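*Asks:* Residue numbers (UniProt numbering): 1 to 1088.
Glycine included, C-beta positions come from ideal geometry on N, C-alpha and C.
All figures in this text were calculated on a predicted structure; none of them were measured in a lab.
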C-alpha cells in the first residue's frame, strides 16, 4: 500500500530478495508515478496501445511486484484487504498517521486480523512528534534536516541532491527493519509495528558530519562541493572537455599525484608537503592543479593516472554511467520483456550472492495486471464472487468498474439496464455516507478521481483551503478551473444551479442512474419555483427547439444550395429504393457516434441571425451581442442574454395574462390624451397588479365574490392543485432534455464516449430491422399497438396490479434515467459534480463573477464555432457585407419593431403624468414606511422578538463589505453579526458560527476553537437538510425592492440528522455557502 518512491523502493528490495510483493493501487489512476513523465515507455503490444505508456519513474521502483487495482474506500475493498492481510507476512504503507483508521486498515485493526503481521509505516515525520501530521517530501526533509545545507558549492546556495536520496535511504532502512521484525517474529510468534520516518533516516545518514557537531558542539563547516573539509587535494578538477575527480588522501598519494602531473617539486614544497599545510593553502594548490588538468582531456588524464594506485575518476553523466564498461560487466543494466511495452532496459538488483541469485523475475506490472490472479488464486474468489460495488476493482485491460463509480462491467455500461435492483428488492434499505472519499455515487467518485486533464482546482497544493479568486473579476481568475471546461461554461452552470436549487434533503436510498440530486417525488410547490422551471424550460427546451427549427428553415430555403441539394438527393434516392428508415437511422447513428459530422450536416449559425425564411436577418436586439440567444442581446458573461430572455419570457406571459384578467382593451378607450383625461390620472392597473381582475368584473356590474361566483373557489383550487404536477412535469421535461444533451455532448469529467455509444447501440437494431421489415408490416404493428393500448385495459390493469404487488417500485427500474440515460447527468447533477471536484481538492470553485455595468451594444466575437459554412458555400449564403451589417451595425436610437399599433397599445404601461405623480408619491411614502419598519426592528430585537432579529441586516447598505469566502461568510445568527466558517482540518469537515470580530481581518484558517469560540458547530456529515430562506417575506421583498432599489441578503437553514436547526441570515454569499456545504460531504441529496 505504498506509492511514489520510499515505499515502492523498500518493497522492490524485498521483491528482489524473493518476496512475493502485491502492490495495492487505486483502481483508475494507480500509483501517482504512473503519470510522472515524460519520458514514457510507449505501449506497443496488442491490447495495450494507450499513450503515453509506462513512465520511466514508475518502472524504476516497481519490478518483481504484482498489481492489484483496488479501492479501500469501499467496504468490499476493505474486506479484500483484510483477507489479504490474513494471508500475508508484511504490510508496508506510506499514508499520513491515522489516515487509514477510518478504512479499518490501521495497525490496531489489522493486528487483530493477523497478529503475526509485520506492519511497516513510512511517513515524513513518524507516528509521533509535533510534525507527525505533516506530509513528508524528500526535498523538504533534505532542507529541514541538514542535508541541503551541506550540499552544493562552497560559495553557492544550498542545493538538493540530484536524486531523492532521503526517500531511497528510508526505503533501505525500512526493508532492513522489516526483515529484522520477521526474524524477531520467529522468536516471539508476534508481528509488530515498524515506524520509519524520512526525517529520522535523514538525520541518521548525516553520519560523521552529525557526529562532528555533537562532539565539538559547533555548527558544521558548511558546503564543500566535491571537496573534502579535511583532506587536500580531494575534489573535482576541470579538464579540457569535462571534469576529473582526484584524491590525494595522504602525503604518499599526493606525491604520486605530483609525479603524474609532472610537478614532483610540489611534494617537497613546505606549503604542500603535509596535509595540514595543504589544507591551509587549499585555494592556491587547487588553482595550481586545475591550471594543469585543463590542458588535457578527461580520457587523457585517466590514461596518465592508470596504474598509479591513487584514487581518481572521471565525473560521468548518467548516460555515460549506464554505458560504462564496469556497469555492464557487473550486469547492472538488464533488458527484460514488458507485457505492454515490449523489450525495455531496467537497473538490476545490486547485490550478488554466492549461492542465491536475486534477479528481475517479473517486469513492473501494468495497472490491475494481477487483480484476477490475486483474488482467485490467493484469496479463493471465483470470478462471480468478485465485488461489484462502486469503483472497487481494476482488472488489466478490463475495468470491472470504470472511472464512473458503480457502472459495472463495460458491457453492462453499454446496455440500458439498471445498475441496481435494490429499489425493488430492498426498498426500505438505507445507507449513509460521511465523506466524499466513500464515493456513494458516480458524482462523488468522479470528484475523487485523478483526471488526465486538470484545471487549477485539481492541482495539488499544501493549503488548508486554496482561494482560486473568490470575488475577483473574471480576468483575474486562473483558467481553466476544471480541466476540459472553460470558466464561462462553468459559471453558466453554477449561475443556473443557484436559481434552480432551493431546498435539498439527504436521500438515504439508492439513487437512479447512480447520480443524486434528482427532483423529489413530493417536490414543494411555490409560484417562484414554477417561474424558475418556466425559465429553465426556455433556456433548455425552447432555445433548443428554436435552433432545430432554424436548421429546418435553412434547409428548406435552398439558400445553402449545395447542402440542401445533398439532403434532397439522399432523401429521394432513399425514397425510390424504399430506404427512408435506414437512411434516417444511419444518419442518427453517425450524428451520435461521430460528433464532427454534426457541424458538417448542420453547420452552426446564431439563432438570432437566421430569419424565419432561412436567410440572414438583423437580430431583434439590433446587434449580435450573444450567439446562443433568440434576440442576440449583448451580455457581459456567457449565457446571461438567454437567461434575461427567459426571465422576460415569463414576465411577458404574466403581463399578457394580467392584462387579460384586468380587461385591458385600449382600442375601446375614449379619445383624448390630455391631462384632463381621467385615464391619465390613475396608474396602469397592470403595472400595479393589485385586484385588477376583480376590478374588471365590478365595473362590468358583476359580483366577483365567492358568494356570487360559485365557480370561483373550485376552479381556483383545481388550478393551484394542478400546479405542483405541472411544475414537476416541467422539471422532468427539462431534466430529460438536459440528459440527452449531456449524453450527446458530454462535459468533463463525465465519460466522453460511453453514453453516445449506448444511445447509438439502441438505434442499431432499428436499422437492422428496417432493412427487412416492410412498410406494411410496420403499419400493421403500429396499428395493433394503438388498438391494444385503447382497448386493452382488462389485460393491462391486472398485469400492472400483479407487478405492483410482486415487485414494488418496479416502475423506477424502467425510468429513462435508470436505463437509456443511466449515469447521464442533468445540468444540476453536472454542476454539483464540478463543485465536488473543487471540494475534493480543497479548492472551492469561485462564484460566477458579476458586473455592475450594462453589457455594451457591441457585437460578440464570432468564430467557426458559432458560424460556419460547408464546402464552397458562404455561411447562410450571405456575403461578408451582409453578415457584417446584420451582426455589427447598430443604432441604439432606433426603436425595436413590434407587430403593429394594436400590439404597441396593448403592451404599453404608461401611467400618464398625474398617474406617475401619484405613483411617485406612493413610492416615496412606502420607502419611508419601509425604512421606519426596518429601523424599528432593532428595538424589537432588543426586546426579544425573534422575527425582528432575523430581519436585522437583510437590507445591507454596503454589499461589498459583506463579500467573503471561501472559508468564512459574513452573516448573522439570532440577529448578531458574525461569520459562518467551514473548517476542513478534520477528516470530517465542520461548519460553525462565530461572533469573533477579528475574522473579517484575520480569517479562520489555521485558527482553533479556543480563538474562534464558535456559538455552534456541525459536522458536514451530520447535515440532513439545507434550505434557502428569504431575508424577508415575498411581499415585503417586492415592496423593498421597488421602494428602496436595494438588494436583499438572504439566509440559510441547516438541519442536522438529530433534528437541530440553525438559521443564519443577512448573508450576501448565501448561495456560495449552500454550494460548498452541498458538495463537501458524502450525502446523497434530492431537490425538494
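Indicate whether residue 845 and residue 835 have their beta-carbon atoms separated by less than 8 Å.
*Replies:* As a first step, residue 845 is located in the chain shown; it is residue number 845 there, counting from the start. As a first step, residue 835 is located in the chain shown; it is residue number 835 there, counting from the start. For residue 845 and residue 835, yes; Cβs fall inside 8 Å.
*Asks:* Checking 8 Å against the spacing of the C-beta atoms, do residue 55 and residue 28 come in under that value?
*Replies:* Here residue 55 is taken as the residue at index 55 of the chain shown, counted from 1. Here residue 28 is taken as the residue at index 28 of the chain shown, counted from 1. For residue 55 and residue 28, no; Cβs fall outside 8 Å.
*Asks:* Does the beta-carbon of residue 495 have 16 or more other beta-carbons within 10 angstroms, so that it is buried, or is it exposed?
*Replies:* Locating residue 495 in the chain shown gives position 495, where the first residue counts as 1. Residue 495 is buried by the Cβ-count criterion.
*Asks:* Using three-state DSSP, classify residue 1056 as helix, strand or coil.
*Replies:* Taking the chain shown and counting its residues from 1, one reaches residue 1056 at position 1056. Three-state DSSP puts residue 1056 in a strand.
*Asks:* Give me the residue from 823, 22 and 483 with the minimum Cα distance to residue 512.
*Replies:* Locating residue 512 in the chain shown gives position 512, where the first residue counts as 1. Comparing Cα-Cα distances from residue 512 to each of 823, 22 and 483, the minimum goes to 823.
*Asks:* Following the continuous alpha helix (DSSP H) through residue 444, name the residue where it begins and the one where it ends.
*Replies:* Along the chain shown, read from residue 1 onward, the residue named residue 444 stands at position 444. From DSSP, the alpha helix (DSSP H) with residue 444 extends over 442-448.
*Asks:* In its own chain, which residues sit with a C-beta less than 7 Å from the C-beta of residue 982, not counting the 5 before and 5 after it?
*Replies:* Reading the chain shown from its first residue, position 982 is the one you call residue 982. Cβ neighbours of residue 982 beyond the five flanking positions: 967, 989, 991 and 1076.
*Asks:* Considering only C-alpha positions, which residue in the set 257, 348 and 333 is nearest to residue 308?
*Replies:* Indexing the chain shown from 1 puts residue 308 at position 308. The option with the nearest alpha carbon to residue 308 is 257.
*Asks:* Since residue 258 is in the alpha helix (DSSP H), which residue starts that stretch and which ends it?
*Replies:* Here the question's residue 258 lines up with position 258 in the chain shown. It spans 251-260 - the alpha helix (DSSP H) in which residue 258 sits, taken as one unbroken run.
*Asks:* Considering just the uninterrupted stretch of the beta strand (DSSP E) at residue 1066, what are its terminal residues?
*Replies:* Counted from its first residue, the chain shown places residue 1066 at position 1066. From DSSP, the beta strand (DSSP E) with residue 1066 extends over 1061-1067.
*Asks:* Let me know the secondary structure DSSP gives residue 518 once reduced to three states.
*Replies:* Translated into the one-based positions of the chain shown, residue 518 becomes position 518. Note: residue 518 maps to strand in three-state DSSP.
*Asks:* So within the stretch 553-598, which uninterrupted alpha helix (DSSP H) runs reach at least 4 residues, ignoring any that extend past its ends?
*Replies:* The stretch 553-598 contains these whole alpha helix (DSSP H) runs: 561-576 and 580-593.
*Asks:* Please determine, among 594, 170, 561 and 498, the residue with the shortest C-alpha to C-alpha distance to residue 756.
*Replies:* Here residue 756 corresponds to residue number 756 of the chain shown, with the count starting at 1. Out of 594, 170, 561 and 498, 594 has the C-alpha closest to the C-alpha of residue 756.
*Asks:* Between residue 1083 and residue 828, how many whole angstroms is the CB-CB distance? I'm expecting something under 8 Å.
*Replies:* Stepping through the chain shown from its first residue, residue 1083 is reached at position 1083. Stepping through the chain shown from its first residue, residue 828 is reached at position 828. Between residue 828 and residue 1083 the Cβ distance is about 15 Å, and since that is not below 8 Å, they are no contact.
*Asks:* Look at the Cβ atom of residue 760, then the Cβ atom of residue 589, and state whether they are nearer than 8 Å.
*Replies:* Indexing the chain shown from 1 puts residue 760 at position 760. Indexing the chain shown from 1 puts residue 589 at position 589. Yes, these two residues count as a Cβ contact at 8 Å.
*Asks:* Give me the residue from 1022, 1021, 993 and 1020 with the minimum Cα distance to residue 1008.
*Replies:* Indexing the chain shown from 1 puts residue 1008 at position 1008. Looking at the Cα atoms, 993 is the closest of the given residues.
*Asks:* Can you list, in chain order, the residues of its chain whose CB lies under 7 Å from that of residue 343, leaving out five sequence neighbours each side?
*Replies:* Residue 343 sits at position 343 when you count from the first residue of the chain shown. Excluding positions up to five away in sequence, the list reads 335 and 337.
*Asks:* Could you tell me whether the Cβ atoms of residue 525 and residue 724 are closer together than 8 Å?
*Replies:* In the chain shown, residue 525 corresponds to position 525, counting from 1. In the chain shown, residue 724 corresponds to position 724, counting from 1. Result yes, Cβ atoms of residue 525 and residue 724 sit closer than 8 Å.
*Asks:* Name the residue from 984, 1002, 1032 and 945 whose alpha carbon lies nearest to the alpha carbon of residue 953.
*Replies:* Here residue 953 is taken as the residue at index 953 of the chain shown, counted from 1. Checking every option, the nearest Cα to that of residue 953 belongs to 1032.
*Asks:* If we ignore side chains and look at the alpha-carbon of each, how far apart do residue 431 and residue 506 end up?
*Replies:* Within the chain shown, residue 431 is the residue found at index 431, counting from 1. Within the chain shown, residue 506 is the residue found at index 506, counting from 1. Looking at the two C-alpha atoms, the distance is approximately 11 Å.
*Asks:* Out of curiosity, what's the CA-to-CA distance linking residue 825 and residue 636?
*Replies:* If you number the chain shown from 1, residue 825 lands on position 825. If you number the chain shown from 1, residue 636 lands on position 636. Going by the C-alpha atoms only, they are around 27 Å apart.
*Asks:* Let me check one thing: in DSSP terms, what residues is residue 1023 bridge-paired to?
*Replies:* Numbered from 1 along the chain shown, position 1023 holds the residue referred to as residue 1023. 1056, per the DSSP bridge assignment.
*Asks:* Taking only the alpha-carbon atoms, compute the straight-line gap between residue 5 and residue 102 and give it to the nearest angstrom.
*Replies:* As a first step, residue 5 must be located in the chain shown, where it is residue number 5. As a first step, residue 102 must be located in the chain shown, where it is residue number 102. Those two C-alpha atoms are separated by around 25 Å.
*Asks:* I need the boundaries of the beta strand (DSSP E) containing residue 193, first residue and last residue.
*Replies:* Sequence index remark: in the chain shown, residue 193 carries index 193 (1-based). It spans 193-197 - the beta strand (DSSP E) in which residue 193 sits, taken as one unbroken run.
*Asks:* The beta strand (DSSP E) spanning residue 343 covers which residue range?
*Replies:* Position 343 of the chain shown, counted from the start, is the residue given in the question as residue 343. Note, residue 343: beta strand (DSSP E), 342-347.
*Asks:* Would residue 860 and residue 1087 qualify as a contact pair, given that the criterion is a beta-carbon distance under 8 Å?
*Replies:* Taking the first residue of the chain shown as position 1, residue 860 is located at position 860. Taking the first residue of the chain shown as position 1, residue 1087 is located at position 1087. Taking 8 Å as the Cβ cut-off, residue 860 and residue 1087 do not qualify as a contacting pair.
*Asks:* List the endpoints of the continuous alpha helix (DSSP H) containing residue 1089.
*Replies:* Nothing can be reported for residue 1089, as the shown portion of the chain is limited to 1 through 1088.
*Asks:* Inspect the beta-carbon positions of residue 209 and residue 289 and report whether they are closer than 8 Å.
*Replies:* In the chain shown, counting from the first residue as 1, residue 209 sits at position 209. In the chain shown, counting from the first residue as 1, residue 289 sits at position 289. Cβ distance not < 8 Å, so residue 209 and residue 289 don't count as in contact.
*Asks:* Compute the Euclidean distance between the alpha carbons of residue 610 and residue 548, then round it to the nearest angstrom.
*Replies:* By one-based count along the chain shown, residue 610 stands at place 610. By one-based count along the chain shown, residue 548 stands at place 548. Residue 610 and residue 548: Cα-Cα distance of roughly 12 Å.
*Asks:* Quick check on residue 1029: does DSSP put it in helix, strand or coil?
*Replies:* Position 1029 of the chain shown, counting from 1, holds the residue named residue 1029. In this structure, residue 1029 counts as strand in the three-state DSSP scheme.
*Asks:* Taking DSSP as the reference, what is the three-state secondary structure of residue 600?
*Replies:* Residue mapping note: residue 600 aligns to position 600 of the chain shown, counting from 1. Looking at residue 600 - three-state DSSP - the assignment turns out to be helix.
*Asks:* Grab the span of the alpha helix (DSSP H) containing residue 948 for me, first residue to last.
*Replies:* Position 948 of the chain shown, counting from 1, holds the residue named residue 948. Segment 946-951, the alpha helix (DSSP H) holding residue 948.
*Asks:* What does a CB cutoff of less than 8 Å around residue 94 pick up in its chain, not counting 5 residues either side in sequence?
*Replies:* Position 94 of the chain shown, counted from the first residue, corresponds to residue 94. Counting only Cβ-Cβ distances below 8 Å, and skipping sequence neighbours, we find 1, 2, 3, 4, 6, 7, 121, 122 and 123.
*Asks:* For the candidate residues 154, 613 and 865, whose alpha-carbon lies nearest to that of residue 556?
*Replies:* For the purposes of this step, residue 556 is taken as residue 556 along the chain shown, with counting starting at 1. If we check each option's Cα against that of residue 556, 613 comes out closest.
*Asks:* Comparing C-alpha positions only, which one of 267, 366 and 485 sits nearest to residue 752?
*Replies:* Here the question's residue 752 lines up with position 752 in the chain shown. The shortest Cα separation from residue 752 among 267, 366 and 485 belongs to 485.
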